[in-house]
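J.: Here you go, one structure.
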Ligand SMILES: Cc1cc2nc3c(=O)[nH]c(=O)nc-3n(C[C@H](O)[C@H](O)[C@H](O)COP(=O)(O)OP(=O)(O)OC[C@H]3O[C@@H](n4cnc5c(N)ncnc54)[C@H](O)[C@@H]3O)c2cc1C
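Residue numbers (our numbering): 353 to 732.
Right, dumping it as structure tokens:
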């Protein structure tokens, strides 16, 4: 008999969504987080966009969980009265070459089950966003924005109300396979260590999920996380009021990022970004390089003709936990129950970059399905 039934490592939006879902079905669920509270890393350093699921390869987990996840997220926000705005997004073509890419976006989206896209010509674009420049655009009505802090707070509340247990300031240091599950050693800030056993372990440790997998004995170079920073600039008032929706350029071909875009947030702020900078060492460097002001300005000026260099200022940065390497094609989420590696009841979530926020509730359900499929029946 183990001390815990299920231990989830990492209280980002994905770990929290999994915790909420599993605590409805199972008893004895623990959520372990090294920081003082939830959401201190990637989950509070992103664009807060509810993505429609337009760009991901057909049949990928990213496509499936994003499309399923966005609907679940809108329903969850309605149910718990959380701040969100189903504002829609425009993907704008500013040259003839980009107009041809628009067709391929519509084809990929349709393969993913997103069939609500519409092409807008100049006059229709002007009705929605009179201050931007575009020759043509795709409008995605199911895209939106969310207050991710409120979302995480609600997951945590529901988890606690479901009798889930949280342990903050608790860093997982060691994991050892034992007879009925896993022995987990945790360090507290005062230097104390304690060890407990858990039948099931769910690795949702974001930027450090490869390290957690390594502790359990998995050394697979295909699962190594590469830190890929995305920096943002903000559009200062009063020009922030000129934008009412999300405005994206036509995406890059290899999809390391989807191009410097314009996002609005629930507080009325407007951000430009994120860009793509691979960090050579995996260090948590959240600085914003002010010398990028001109390149950010130039990349959005094509479709925001009203913008001047001084209208933008450095804002913040986040780090994508990528399992793809620089220049490689995009990789899918890695979400597996690891019986085949001799680790039954160990579930890895690695490379949960965008659209991880959008997909979080669907990911929770997916993980529940993996546990059920592997025969875990610790029902309440
Ligand atoms: C720049 C940027 C923009 C993005 N924009 C969007 C967007 O608009 N829409 C969207 O859907 N997605 C977006 N994403 C992706 C989204 O933010 C992530 O997919 C999501 O936040 C991942 O959540 P997570 O819980 O997996 O990871 P995290 O939020 O990183 O949480 C992991 C947690 O694990 C903890 N942890 C790590 N190691 C240990 C340990 N040893 N012991 C205990 N705890 C540990 C960490 O402290 C952390 O709290 C974006 C990401 C970036 C970087």
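Every residue gets a Cβ at the ideal spot worked out from N, C-alpha and C, and that includes glycine. The structure presented is a predicted model; accordingly, all values stated were derived computationally and were not measured.
1. Three Cβ pairs or more, each shorter than 8 Å: is that satisfied between the segment 532–543 and the segment 429–444?
2. Report the three-state DSSP secondary structure of residue 606 (helix, strand or coil).
3. Could you give the residue range of the alpha helix (DSSP H) that holds residue 396?
4. Do residue 523 and ligand 1 come close, with the Cβ less than 7 Å from some heavy atom?
5. Is it the case that the CB of residue 585 approaches a heavy atom of ligand 1 more closely than 7 Å?
6. What are the boundary residues of the alpha helix (DSSP H) that residue 712 is part of?
7. Less than 7 Å between the CB of residue 651 and some heavy atom of ligand 1, yes or no?
8. Just to confirm, is the Cβ distance from residue 384 to residue 524 under 8 Å?
9. Do residue 642 and residue 397 have their C-beta atoms within less than 8 Å of each other?
10. So, with DSSP's three-state summary, where would you put residue 592?
11. Can residue 727 be considered in contact with ligand 1, in the sense that its beta carbon sits closer than 7 Å to one or more heavy atoms?
12. Closer than 7 Å to a non-hydrogen atom of ligand 1 - does that hold for the CB of residue 360?
13. Looking at C-alpha atoms only, which residue of 708, 713, 634, 413 is the closest neighbour of residue 506?
14. Throw me the rounded Cβ distance for the residue 601 and residue 419 pair, which I believe falls under 8 Å.
15. Please list the terminal residues of the continuous beta strand (DSSP E) segment that includes residue 361.
16. Identify every residue that forms a DSSP beta bridge with residue 625.
17. At a cut-off of 7 Å, is residue 709 close to ligand 1 when judged by its beta-carbon and the heavy atoms of the ligand?
18. Would the segment 700–714 and the segment 666–682 be scored as touching if the rule is three or more Cβ pairs under 8 Å?
19. Would you kindly work out how many angstroms separate the C-alpha atoms of residue 417 and residue 580, rounded to a whole number?
20. Whole-angstrom Cβ separation of residue 656 and residue 719, contact assumed at under 8 Å?
21. Is the number of C-beta pairs between the segment 402–410 and the segment 459–467 that are closer than 8 Å three or more?
22. Closest by CA to residue 448, which one among 414, 488, 478?
23. Label residue 509 either buried or exposed according to how many other C-beta atoms from any shown protein chain fall within 10 Å of its C-beta, with 16 as the threshold for buried.
24. Can you tell me the Cα-Cα spacing of residue 700 and residue 687, whole angstroms?
25. Are the segment 569–587 and the segment 612–630 in contact at 8 Å, needing three or more beta carbon pairs?
26. Given this structure, state the Cα-to-Cα distance separating residue 665 from residue 616, to the nearest angstrom.
27. Tell me which same chain residues have a C-beta within less than 8 Å of the C-beta of residue 683, skipping the five on either side of it?
T.: On the basis of the coordinates in this document:
1. The segment 532–543, when compared against the segment 429–444, does not touch it at the 8 Å Cβ threshold.
2. For residue 606, the pLDDT reaches just 45, beneath the cut-off of 50, and the residue's location in the model is therefore unreliable, leaving the point undetermined.
3. Taken as a continuous stretch (DSSP letters only), residue 396 belongs to no alpha helix (DSSP H), as it is neither H nor E.
4. For residue 523, the Cβ falls inside the 7 Å cut-off from some heavy atom of ligand 1.
5. Closer than 7 Å to some heavy atom of ligand 1: that does not describe the Cβ of residue 585.
6. Looking at the DSSP string, the run of the alpha helix (DSSP H) that includes residue 712 is 708–725.
7. No.
8. Contact flag set, yes.
9. No, the Cβ-Cβ distance between residue 642 and residue 397 is not below 8 Å.
10. Secondary structure of residue 592 (DSSP, three-state): helix.
11. No, ligand 1 has no heavy atom inside 7 Å of this Cβ.
12. Result no, Cβ not under 7 Å from ligand 1.
13. Looking at the Cα atoms, 713 is the closest of the given residues.
14. Actually they do not touch by this definition, with Cβ atoms about 22 Å apart.
15. Segment 356–361, the beta strand (DSSP E) holding residue 361.
16. Looking at the DSSP assignment, residue 625 forms a beta bridge with 613.
17. Indeed, a heavy atom of ligand 1 lies less than 7 Å from the Cβ.
18. Verdict: yes, contact present.
19. Annotation: residue 417 to residue 580 spans about 22 Å, alpha carbon to alpha carbon.
20. Incorrect: roughly 40 Å between the Cβ atoms, too far for contact.
21. The answer is yes - the segment 459–467 touches the segment 402–410, with three or more Cβ pairs under 8 Å.
22. Residue 488 is the option with its Cα nearest to residue 448.
23. Exposed, since its Cβ has fewer than 16 Cβ neighbours within 10 Å.
24. So the two alpha carbons sit approximately 6 Å from each other.
25. The answer is yes - the segment 612–630 touches the segment 569–587, with three or more Cβ pairs under 8 Å.
26. Roughly 15 Å separates the two Cα atoms.
27. 674, 675, 676, 703, listed in sequence order.
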